[in-house]
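Q:
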Amino acid sequence: MNGLLNFEGYLSAVEAALRSLDIFKTVGIYSEMGDGYETPAVFFDIERWEESEACLGGNLTVNLTCNFYIVRELAAEGYNRKIRNAALLFTGWIHQRQFGPGTGPAHFVSAESGNIYLDEKALASHHAWCVTIEQCVAVGMDPFDDTGAPTLKEVWMGISPDVGATHKDDYTLLARRGPDEEA
Numbered sequence: 008m009n010g011l012l013n014f015e016g017y018l019s020a021v022e023a024a025l026r027s028l029d030i031f032k033t034v035g036i037y038s039e040m041g042d043g044y045e046t047p048a049v050f051f052d053i054e055r056w057e058e059s060e061a062c063l064g065g066n067l068t069v070n071l072t073c074n075f076y077i078v079r080e081l082a083a084e085g086y087n088r089k090i091r092n093a094a095l096l097f098t099g100w101i102h103q104r105q106f107g108p109g110t111g112p113a114h115f116v117s118a119e120s121g122n123i124y125l126d127e128k129a130l131a132s133h134h135a136w137c138v139t140i141e142q143c144v145a146v147g148m149d150p151f152d153d154t155g156a157p158t159l160k161e162v163w164m165g166i167s168p169d170v171g172a173t174h175k176d177d178y179t180l181l182a183r184r185g186p187d188e189e190a
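Per this note's numbering, the sequence shown starts with residue 8, numbered consecutively.
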């Protein structure tokens with residue numbers, strides 16, 4: 008299995024999954040966040056990554072640390088209770104979620120109250136809860152994926168010491184490619 012070659016497919020998968028939730032009016036990437044968005048909103052950010060001890064195929068595997076900023080306007084009635092409840096609901100939703108091939112299940116790390124920043128300035132009109140997850144992803148091309156290699160037509164098993172051409176009738180057919188499968 009090939010891993011991520013860039014973040015575009017991963018970001019698209021995360022955004023699509025977030026858009027499927029009906030609790031957010033605005034979904035986006037934190038670094039691309041503008042002003043004038045409707046709340047409740049959720050913004051996604053990849054904070055960092057480091058090598059993982061886990062293995063996904065033959066790829067380099069990394070742990071992504073990702074933040075989801077759940078945002079609500081301070082002017083909204085009961086904003087603090089509503090945003091905290093949305094963050095808890097989101098925590099349950101995100102835990103164990105995968106975003107495409109080459110990704111392991113997301114693991115909840117923490118959630119905390121805080122500010123949302125635009126152009127390095129805290130927005131006084133909004134409040135946020137940051138839900139942090141870690142997710143294992145495969146990176147790069149799978150070193151064992153050889154698309155030019157010939158594929159097997161049949162798989163046979165023989166039991167030692169009765170192996171070789173003189174014992175071909177002693178072999179057991181384990182698998183055969185179907186007639187509709189490509190060579």
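Built from N, CA and C at the ideal position, the CB exists for glycine as well.
When burial is assigned at 16 or more other CB atoms within 10 Å of the CB, is Gly109 buried or exposed?
A: buried
Q: What residue range does the alpha helix (DSSP H) around Tyr76 cover?
A: Per DSSP, Tyr76 belongs to no alpha helix (DSSP H); it is in the beta strand (DSSP E), 67 to 80.
Q: Per DSSP, what are the beta-bridge partners of Ser117 in this structure?
A: Thr139
Q: Please say whether Val116 and Ile77 have beta carbons closer to each other than 8 Å?
A: no
Q: Measuring only the C-alpha atoms, how far is Phe50 from Tyr37?
A: The alpha-carbon atoms of Phe50 and Tyr37 are separated by roughly 5 Å.
Q: Find the nearest neighbour of Val146 within the set Ile166, Phe97, Leu71, Gly121, judged by alpha-carbon distance.
A: Leu71
Q: What do you reckon, are the CB atoms on Ser120 and Leu81 nearer than 8 Å?
A: no
Q: Please classify Cys62 as buried or exposed, where buried requires at least 16 other C-beta atoms within 10 Å of its C-beta.
A: exposed
Q: Would you identify the three-state DSSP class for Arg104, choosing helix, strand or coil?
A: coil
Q: With a threshold of 6 Å on Cβ separation, who are the neighbours of Gln103 within its own chain once the five nearest residues in sequence on each side are excluded?
A: Pro112
Q: Name the residue from Lys32, Ile53, Arg55, Asp52 whose alpha carbon lies nearest to the alpha carbon of Val46.
A: The amino acid at residue 46 is misidentified as Val; the sequence shows Thr. The residue with the shortest Cα to Cα distance from Thr46 is Lys32.
Q: Within 10 Å of its beta-carbon, does Met40 have 16 or more other beta-carbons around it, so buried, or fewer, so exposed?
A: Met40 is buried by the Cβ-count criterion.
Q: What is the residue span of the alpha helix (DSSP H) that Leu159 lies within?
A: Run containing Leu159: none; DSSP gives neither H nor E here.
Q: What are the boundary residues of the alpha helix (DSSP H) that Ala24 is part of?
A: 15 to 26
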